[in-house]
Amino acid sequence: MATAGLAAALAVVILQPAINVWLRADYSTGVAETRQIRLQDGSIAFLGADSAIEVAYDASRRRIRLLSGQAYFEVEKDSARPFHVETGSVDTVDLGTAFDVRLRPDGVSVAVNQGSVAVTSPVASQALATPLVAGDWVRVEWGGAVRRGTDAPELAGGWRSGTLAVKDEAITDVLDEIGRHYRGKIIIAGGGLGERRVTGVYDLKKPVEAVHAVAQALGVHVRQVSPWLIVVSGS
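So the sequence shown is numbered by the working numbering: it starts at 1 and just counts up by one.
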C-alpha cells in the first residue's frame, strides 16, 4: 500500500507540470524518447527526451519556443526570416548554423556545433554582446549570471547518439539530464552535494547505471527506494 501511495504521489509531481507544457506544444517527446522533426522551412529539430517545442512561423520570422528539455537545430538559411529559439527570457538567433539549446532548472544553455548564433537576454545583455561560434557555449541563469566557454564543437548535441558527455558539470545538471531518460524521480539529498562537479561519459539508454557511474566518480551513494525513485546522497 505504501509503495502504491508513493507511486501516486510521484505521478502527481511528475505529470502536473508536464500537462501544461504538452497542451502548448506542437512537438514533444516522452521520457527516454528522442525525435527528429523536419520543420516547414526544411530546418531540422532534434528533440531530446522529455522535451517540447512550440513552432510559430510567419512572413518575417521563424520562431521556436523551447518549452521543456533540450533541442538541437540544423537551420536552413533564410536571410528574410531570422530563426529564433526562445527559452524564457533568453533568445537565440541563428546566423547560419547548427546549435543546441537546453532548458535547465536554473537557466538556459546554448552550444554551437557549426556557424554562429547571437544570444540575447534582458538580464545579461552586456555579457552576451559577442556572438557564439563553433565550439562556444554559454549558460545564462535566470538571475543574470553568465558563464561562457569553449569545448569540442561535436559535444553540442552529442546526446543524439544516446551518450551524455560532460566536462566539469554540476551533479545537479548531470542528473537532471539523465533523469529525462528515467521513468521516475532522481533526488539529491545533502546540502552542497548537487554543486559538486563531474567529468565523464554516460549511457543515456541505461539511466540507472548512469546514475551509479556518476555517484562512483564522486564517491557518493545511490539508493533505489522503488522502481520510480532514486536517492543520491553523501552517506
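Think of the CB as a built atom: it goes at the ideal place given N, C-alpha and C, for glycine as much as any other residue.
Taking the alpha helix (DSSP H) that residue i falls in, what are its first and last residues?
i	result
threonine 97	First-last for threonine 97: undefined, no H or E at that position.
valine 225	Premise fails: valine 225 lies in the beta strand (DSSP E), 221-226, not in any alpha helix (DSSP H).
glutamine 216	207-218
Just to check my reading of the structure: residue i and residue j have Cβ atoms closer than 8 Å, yes? What is that Cβ distance to the nearest angstrom?
i	j	result
valine 90	valine 140	5 Å
alanine 111	glutamate 74	At roughly 14 Å, the Cβ-Cβ gap does not stay under 8 Å, so alanine 111 and glutamate 74 are not in contact.
isoleucine 186	valine 166	Rounded, the Cβ-Cβ distance is 15 Å, inconsistent with contact.
threonine 29	alanine 56	Rounded, the Cβ-Cβ distance is 19 Å, inconsistent with contact.
alanine 241	alanine 52	The structure shown does not extend to residue 241, since the chain is modelled only from 1 through 235, so no value can be given for it.
arginine 61	glutamate 54	Incorrect: roughly 14 Å between the Cβ atoms, too far for contact.
aspartate 168	arginine 148	About 14 Å separates the two Cβ atoms, so there is no contact after all.
What do you get for residue i, buried or exposed, if any count of 16 or more other CB atoms within 10 angstroms of its CB means buried?
i	result
asparagine 113	buried
arginine 180	buried
glutamate 209	exposed
valine 13	No answer about valine 13 holds up, because its pLDDT of 47 lies below 50 and its placement is not dependable.
valine 201	exposed
threonine 199	exposed
proline 101	Sequence inspection shows valine at residue 101; the proline mentioned does not correspond to that position. Per the 10 Å Cβ criterion, buried.
glutamine 224	exposed
threonine 163	exposed
leucine 23	exposed
alanine 145	exposed
arginine 38	exposed
threonine 150	exposed
Once DSSP output is grouped into helix, strand and coil, what is the label at residue i?
i	result
leucine 6	Residue placement at leucine 6 cannot be trusted, given a pLDDT of 49 that sits under 50; what the coordinates show is reported in the next sentence. Reduced to three states, the DSSP call for leucine 6 is helix.
alanine 111	strand
glycine 162	coil
histidine 181	coil
aspartate 106	coil
leucine 296	Past the edges of the chain, shown from 1 to 235, lies residue 296, and the structure says nothing about it.
isoleucine 19	helix
glutamate 33	coil
aspartate 91	strand
aspartate 168	strand
valine 75	coil
alanine 189	strand
arginine 174	A small fix is needed here, since residue 174 is valine in this sequence, not arginine. Three-state DSSP puts valine 174 in a helix.
Taking the alpha-carbon of residue i as reference, which of the options has the nearest alpha-carbon?
i	options	result
alanine 152	Val133, Trp142, Ala145	Val133
alanine 59	Asp41, Val123, Arg65, Pro122	Asp41
lysine 194	Pro105, Asp136, Leu66, Gly48	Note on identity: in this sequence residue 194 is glycine, with lysine being the wrong assignment. Ranking Pro105, Asp136, Leu66, Gly48 by Cα distance to glycine 194 puts Pro105 first.
serine 79	Gly144, Arg160, Arg196, Val93	Val93
lysine 77	Ser43, Ala56, Gly144	Ser43
proline 207	Val222, Arg196, Arg38	Val222
leucine 229	Ile188, Ile37, Gly219, Ser51	Ile188
serine 125	Ser116, Gly143, Gly115, Gly135	Gly143
threonine 130	Gly157, Leu95, Arg160, Trp159	Leu95
tyrosine 177	Gly158, Gly190, Ile64, Arg61	Here residue 177 turns out to be glutamate, not tyrosine, going by the sequence shown. When each option's Cα is compared against that of glutamate 177, the closest is Gly158.
isoleucine 19	Leu47, Ser68, Phe46, Arg35	Ser68
serine 109	Pro122, Phe83, Ser116, Gln70	Gln70
valine 237	Asp168, Arg63, Gly184	Residue 237 is absent from the structure shown; the chain starts at 1 and stops at 235.
glutamate 86	Ser121, Ala215, Ser116	Ser121
serine 233	Tyr182, Gln36, Gly88, Gly192	Gly192
Compare the C-beta of residue i with all C-beta atoms of chain D and state if any pair is closer than 9 Å.
i	result
valine 198	Within the model displayed, chain D is absent; a lone protein chain is all it includes.
Span of the beta strand (DSSP E) holding residue i?
i	result
alanine 45	44-47
leucine 66	62-68
glutamate 86	83-87
serine 116	116-120
threonine 199	197-203
alanine 52	52-57
serine 233	229-233
threonine 150	146-150
tryptophan 137	136-141
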